[in-house]
Amino acid sequence: MARRRKSTARADARRAGYRSGLEHGVAQDLERRGVAFTYEEKAETITWTPKQRKYLPDFRLPNGVIIEVKGRLTVHDRTKHLLIKQQHPDKDIRFLFKVDNKINKASETRYSDWCEKHGFLYAFGEVPEEWLK
Numbered sequence: 557m558a559r560r561r562k563s564t565a566r567a568d569a570r571r572a573g574y575r576s577g578l579e580h581g582v583a584q585d586l587e588r589r590g591v592a593f594t595y596e597e598k599a600e601t602i603t604w605t606p607k608q609r610k611y612l613p614d615f616r617l618p619n620g621v622i623i624e625v626k627g628r629l630t631v632h633d634r635t636k637h638l639l640i641k642q643q644h645p646d647k648d649i650r651f652l653f654k655v656d657n658k659i660n661k662a663s664e665t666r667y668s669d670w671c672e673k674h675g676f677l678y679a680f681g682e683v684p685e686e687w688l689k
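In the numbering used here, each residue carries its 1-based index in the sequence shown increased by 556.
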């Protein structure tokens, strides 16, 4: 993916119907590779608790894989996905990160460490070919 100014990439992404330049780039990559997918399909909303909440997966592939694209993995995101995994063990949620950042400035734990600890598959940059099978 070519590097562009953040504001331009985000504006382009919004015009194309995506929330971020990173998500737009993933969609373009999947399209270029001829991969069918849905993006934030309302019919595919996953409900989770405490308090009735709804999670709208970023991308869903025909094989059932859900891809959550993250530039940042916040404490809210981590808590939400642990609860969703616990309440919906049948969902195959995987993370696609831009880079392997630390979960916060004070921690040595990286996104990859967190995913491995909690049993989530993850990748960096682009969707791995094996996720498409």
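In this text, a Cβ means the ideal position worked out from N, Cα and C, and glycines have one as well.
Predicted model, so just to flag it, every value in this text is computed and none were measured.
Asked: Backbone CA spacing between Pro613 and Lys658 [nearest angstrom]; Found: 23 Å
Asked: Nonlocal neighbours in the same chain, by C-beta distance under 6 Å from Thr601, ignoring five residues either side; Found: Lys610 and Leu612
Asked: Closest by C-alpha distance to Gly627, when choosing among Leu638, Arg666, Val591 and Arg616; Found: Arg666
Asked: Cβ distance (whole Å) where Asp648 is taken to contact Val621 below 8 Å; Found: 5 Å
Asked: 6 Å CB neighbourhood of Thr635 in its chain, flanking five on each side removed; Found: none
Asked: Three-way DSSP call (helix, strand, coil) for Thr603 in this model; Found: strand
Asked: Cα-Cα separation between Asp656 and Trp604, rounded to whole angstroms; Found: 27 Å
Asked: Cross-strand partners of Leu677 (DSSP beta bridge); Found: Arg650
Asked: Straight-line Cα distance separating Tyr595 from Trp687; Found: 16 Å
Asked: For Glu587, the three-state DSSP class (helix, strand or coil); Found: helix
Asked: One or two residues paired with Glu596 in a DSSP bridge; Found: According to DSSP, which records beta bridges pairwise, Glu596 is partnered with nothing at all.
Asked: Own chain residues within Cβ distance below 7 Å of Glu597, not counting five before or after; Found: Arg616
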